[in-house]
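Okay, so here's the structure we're looking at.
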Ligand SMILES: [Fe+2]
Ligand SMILES: [Fe+2]
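In the numbering used here, the protein residues as written are 2 to 483.
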């Protein structure tokens, strides 16, 4: 039984799961591989399949030195199956089976539930690659272009991670699910991706940075909850994915931060103090701060929908079964079974938004969403330091959780960014002021022109403080070829 410390980097599929000795699964993955490459070439980054990209590839699973950087053509990227090392004597950390040895095989009674969790997680990974496939054409620098591609290849690897679990533990059903993961397409009329936010467009780079900040962070929360799983292979898989996910958060957070910084600097240089002097600010070729706030409103509200219904039997069942825990379950100090416990859930009842205590098991989606909001707020606070540093009188804030929702308690009402309830007519008018308008999007689109010279940056975004892998400022992160 491979314990995860040995990495085989020689075969077609780099792995630390002993694929060489596991002929059945190796064969299944090798059969799936050509379809994956076809998918990547069709739906992956458009126009850069021949380019040499300075990418990191996972070559280990320890906390140090797990990645190496080198120039790679993306279709030749070494997508591997890597699990965090097995923890000796690990037990199921929560739910009805708490304290029993962690499962190394799928528990029969939970097979369907587990498969569903893997497929939903797996479906998001290729979806984001599809959503971002046109962005290469308008990258604001080679540095940003490379970061986009890094995120893309790692989302591809996350798909591999889920497909491995499906192929290894679910036989024929798993094979069919693995094929369906390559068949669905983001935004497709007939066979869309499974979750709403993954069918939206990512038309420009501000959208990309917002997506990686807000929506990849949902991914981080879901992976963190699955990393607690009593099904040990899933736990180990997700623990390793989280090391990669940290970079996606970084790309989003610093991306928006650099946009804000550039705008503030341009305003200062032009002697503009009023952030709402939009025409003059836009004339400087930078994105005005109120538009950045509107984009944040949109991406935050779309992402909240990914947490599902606030009160959910599925979430309770997955927890009871020991399959999906809470965020940082291992650091919580209650009974890890939530017997008799309650959790306050924000509900929409009788025309009012009110907190109500519900059984904690039923409120687990709400709890994960609350943890997400806290994590998001910390990132927003770091954005806001730019205003303090540059002396611009503005703050980015998160809208109320009831704002612009399509799923859950607040899908049946209209709420302003501060949570004030609005009539349909009031909402129709107000939503134009707090969500990006057609005009806002056209303005952002007008700034999206590619910058390909090493070390140069588009005028609407500040350069990063340090290069990737400590490379110098004029490093050529992507070499166009072909
Ligand atoms: Fe991912
Ligand atoms: Fe991600």
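C-beta atoms are modelled at their ideal positions from N, C-alpha and C, and glycine is treated no differently.
Output the boundary residues of the beta strand (DSSP E) element that contains residue 437.
By one-based count along the chain shown, residue 437 stands at place 436. For residue 437, no beta strand (DSSP E) run applies, since DSSP gives it neither H nor E.
In the DSSP assignment, find the alpha helix (DSSP H) that holds residue 321 and state where it starts and stops.
Stepping through the chain shown from its first residue, residue 321 is reached at position 320. Note, residue 321: alpha helix (DSSP H), 314-321.
Please return the same chain residues whose Cβ sits closer than 6 angstroms to the Cβ of residue 339, not counting the five positions on each side in sequence.
Looking up residue 339 in the chain shown gives position 338. Excluding residues within five positions, the ones whose Cβ falls inside 6 angstroms are 361, 362.
From the DSSP output, which residues share a beta bridge with residue 28?
Walking along the chain shown from the start, residue 28 turns up at place 27. In DSSP, residue 28 forms no bridge with anything.
So, is residue 277 buried or exposed, given that buried needs 16 or more other C-beta atoms within 10 angstroms?
Position 276 of the chain shown, counting from 1, holds the residue named residue 277. Note on residue 277: under 16 other CB atoms within 10 angstroms of its CB, so exposed under the neighbour-count rule.
Measuring CA to CA, which of 368, 302, 345 is closest to residue 399?
As a position in the chain shown, residue 399 is number 398, starting the count at 1. Out of 368, 302, 345, 302 has the C-alpha closest to the C-alpha of residue 399.
Extent of the continuous alpha helix (DSSP H) to which residue 266 belongs:
Counting from 1 along the chain shown, the entry for residue 266 is found at position 265. Where residue 266 is concerned, the enclosing alpha helix (DSSP H) stretches over 233-271.
Tell whether a beta-carbon distance below 8 angstroms holds between residue 133 and residue 146.
For the purposes of this step, residue 133 is identified with residue 132 of the chain shown, where counting begins at 1. For the purposes of this step, residue 146 is identified with residue 145 of the chain shown, where counting begins at 1. It is not a contact, given that the beta carbons lie outside the stated cut-off.
Enumerate in chain order the residues of its own chain whose CB-to-CB distance from residue 197 is below 8 angstroms, with the five nearest sequence positions on each side excluded.
Looking up residue 197 in the chain shown gives position 196. Excluding sequence neighbours, residue 197 sits near 303, 306, 307, 407, 408.
How many Å lie between residue 317 and residue 346 at the Cα?
Looking up residue 317 in the chain shown gives position 316. Looking up residue 346 in the chain shown gives position 345. Going by the C-alpha atoms only, they are around 14 angstroms apart.
Residues bridged to residue 416 (per DSSP):
Here the question's residue 416 lines up with position 415 in the chain shown. Residue 416 pairs with 422.
Range covered by the beta strand (DSSP E) that runs through residue 350:
On the chain shown, position 349 is the one that residue 350 refers to. Run containing residue 350: 343-350, per the beta strand (DSSP E) assignment.
Can you list, in chain order, the residues of its chain with a C-beta nearer than 7 angstroms to that of residue 242? Leave out the 5 residues immediately preceding and following it.
Locating residue 242 in the chain shown gives position 241, counting from the first residue. These residues qualify, in order along the chain: 159, 162, 224.
Exposure label - residue 295; buried when at least 16 CB within 10 Å:
Along the chain shown, read from residue 1 onward, the residue named residue 295 stands at position 294. Counting the other Cβ atoms within 10 Å of the Cβ of residue 295 gives 16 or more, which makes it buried.
Residues bridged to residue 230 (per DSSP):
Here residue 230 refers to the residue found at position 229 of the chain shown. According to DSSP, residue 230 bridges with nothing at all.
Measuring straight from C-alpha to C-alpha, what distance separates residue 273 and residue 392?
To locate residue 273, count along the chain shown from 1; it is residue 272. To locate residue 392, count along the chain shown from 1; it is residue 391. Roughly 12 angstroms between the two C-alpha positions.
Cα separation between residue 67 and residue 244?
The count along the chain shown starts at 1 and reaches residue 67 at position 66. The count along the chain shown starts at 1 and reaches residue 244 at position 243. Approximately 9 angstroms, taken between the alpha carbons.
Straight-line CA distance for residue 141 to residue 386?
Sequence index remark: in the chain shown, residue 141 carries index 140 (1-based). Sequence index remark: in the chain shown, residue 386 carries index 385 (1-based). Going from the Cα of residue 141 to the Cα of residue 386 covers about 23 angstroms.
Looking only at DSSP bridge pairs, what is residue 56 linked to?
The residue labelled residue 56 in the question sits at position 55 within the chain shown. In DSSP, residue 56 forms a bridge with 71.
Just to confirm, does residue 152 get its C-beta within under 7 angstroms of one of the non-hydrogen atoms of ligand 2?
Numbered from its first residue, the chain shown carries residue 152 at position 151. Yes, ligand 2 has a heavy atom inside 7 angstroms of this Cβ.
For the alpha helix (DSSP H) that contains residue 302, what are its first and last residues?
As a first step, residue 302 must be located in the chain shown, where it is residue number 301. That run of the alpha helix (DSSP H) goes 290-305.
If we count the other Cβ atoms within 10 Å of its Cβ and call it buried at 16 or more, is residue 254 buried or exposed?
Locating residue 254 in the chain shown gives position 253, counting from the first residue. Answer is buried; the Cβ neighbour count reaches 16.
Local Cβ density within 10 Å of residue 259, reported as buried at 16 or more and exposed below that:
Numbered from its first residue, the chain shown carries residue 259 at position 258. Under this definition residue 259 is a buried residue.
Using a Cβ-Cβ cutoff of less than 8 angstroms, which residues in the same chain neighbour residue 107 once the five nearest sequence positions on both sides are dropped?
Numbered from 1 along the chain shown, position 106 holds the residue referred to as residue 107. So the list reads 115, 170, 171, 232, once near-sequence residues are dropped.
Looking at the structure shown, is residue 386 part of a helix, part of a strand, or coil, going by DSSP?
Here residue 386 refers to the residue found at position 385 of the chain shown. In this structure, residue 386 counts as helix in the three-state DSSP scheme.
Own chain partners of residue 202 with C-beta closer than 6 angstroms, once the 5 adjacent residues on each side are dropped:
Mapped onto the chain shown, residue 202 falls at position 201. Counting only Cβ-Cβ distances below 6 angstroms, and skipping sequence neighbours, we find nothing.
Whole-number beta carbon distance between residue 57 and residue 151, since they are thought to touch under 8 angstroms
The residue you call residue 151 lines up with position 150 of the chain shown. The residue you call residue 57 lines up with position 56 of the chain shown. The pair is a contact, with the Cβ atoms about 7 angstroms apart (cut-off 8 angstroms).
Quick check: does the Cβ of residue 326 come within less than 7 angstroms of any heavy atom belonging to ligand 2?
In the chain shown, the residue the question calls residue 326 occupies position 325. False, no ligand heavy atom lies under 7 angstroms from that Cβ.
Can you check whether the CB of residue 374 is closer than 8 angstroms to the CB of residue 507?
Any question about residue 507 goes unanswered here, given that the chain covers just 2 to 483.
What are the boundary residues of the beta strand (DSSP E) that includes residue 8?
Translated into positions along the chain shown, residue 8 becomes position 7. Here residue 8 belongs to no beta strand (DSSP E), and DSSP marks it neither H nor E.
Buried/exposed call for residue 189, threshold 16 Cβ in 10 Å
Along the chain shown, read from residue 1 onward, the residue named residue 189 stands at position 188. Looking at its Cβ environment, which holds fewer than 16 other Cβ atoms inside 10 Å, residue 189 is exposed.
Work out the CA separation of residue 473 and residue 467 for me, nearest whole Å.
On the chain shown, residue 467 is found 466 positions in, with the first residue counted as 1. On the chain shown, residue 473 is found 472 positions in, with the first residue counted as 1. Each residue's Cα considered, the two are about 8 angstroms apart.
Report the three-state DSSP secondary structure of residue 88 (helix, strand or coil).
The sequence position of residue 88 within the chain shown is 87, counting from 1. Coil.
Check whether the stretch 45-56 touches the stretch 476-483, taking contact to mean three or more Cβ pairs, one atom from each stretch, closer than 8 angstroms.
They touch, by the three-pair rule.
Measuring only from the beta carbon, is residue 249 closer than 7 angstroms to any heavy atom that is part of ligand 2?
The residue labelled residue 249 in the question sits at position 248 within the chain shown. Yes; taking the cut-off as 7 angstroms, the Cβ of residue 249 has a heavy atom of ligand 2 nearer than that.
In this structure, does DSSP put residue 181 in helix, strand or coil?
Walking along the chain shown from the start, residue 181 turns up at place 180. Residue state, collapsed to three classes: helix.
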